[in-house]
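Asks: A single structure is presented below for examination.
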Amino acid sequence: MAVYVIRKEGEGLQEPPEDIGIVIEGVEVLHELTSVASACALLLGLIYALNLAYPKPFRFTFEVLQKIFMQLDQHKMSPKVQNLYIKLQSSQ
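Under this note's numbering, the first residue of the sequence shown carries the number 4, and numbering increases by one thereafter.
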């Protein structure tokens, strides 16, 4: 699964991209999105709605985004994410 950004050859990062989209299991599921931020939020929503497993290298990153920042399934945190959540709560 991935968020992709397609730019015209030679264009800088200041120029708007040609396309922003999401690929899951080799299939383009969304395209022509407005921003990388919205693509990331939609990817998290798709992972949650389709009950997909997180990619192993990013498992904890996705879990923190979903359970702490988006507040979805907070009662099912892994111990590692739960420790981070407690530290964040106590620092406020």
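All C-beta atoms, glycine included, are put in the ideal place defined by N, C-alpha and C. Fair warning: this is a prediction, and the values are worked out from it, not measured in the lab.
Between the Cα of proline 82 and the Cα atoms of Gln69, Phe63, Met4 and Phe72, which residue gives the shortest distance?
Replies: Out of Gln69, Phe63, Met4 and Phe72, Phe63 has the C-alpha closest to the C-alpha of proline 82.
Asks: Do you know whose CA, among Val67, Phe61 and Pro19, lies nearest lysine 90's CA?
Replies: Nearest option by C-alpha distance: Val67.
Asks: How is alanine 56 classed by DSSP in three states: helix, strand or coil?
Replies: If DSSP states are grouped into helix, strand and coil, alanine 56 belongs with coil.
Asks: Which value, in whole angstroms, describes the spacing of the CA atoms of isoleucine 23 and phenylalanine 65?
Replies: If you take the alpha carbons of isoleucine 23 and phenylalanine 65, they lie about 20 Å apart.
Asks: Name the DSSP bridge partner or partners of glycine 1?
Replies: With the chain running from 4 to 95 in the structure shown, residue 1 is simply not present.
Asks: Under 8 Å, do valine 6 and alanine 56 count as touching if we go by C-beta distance?
Replies: The answer is no: Cβ separation not under 8 Å.
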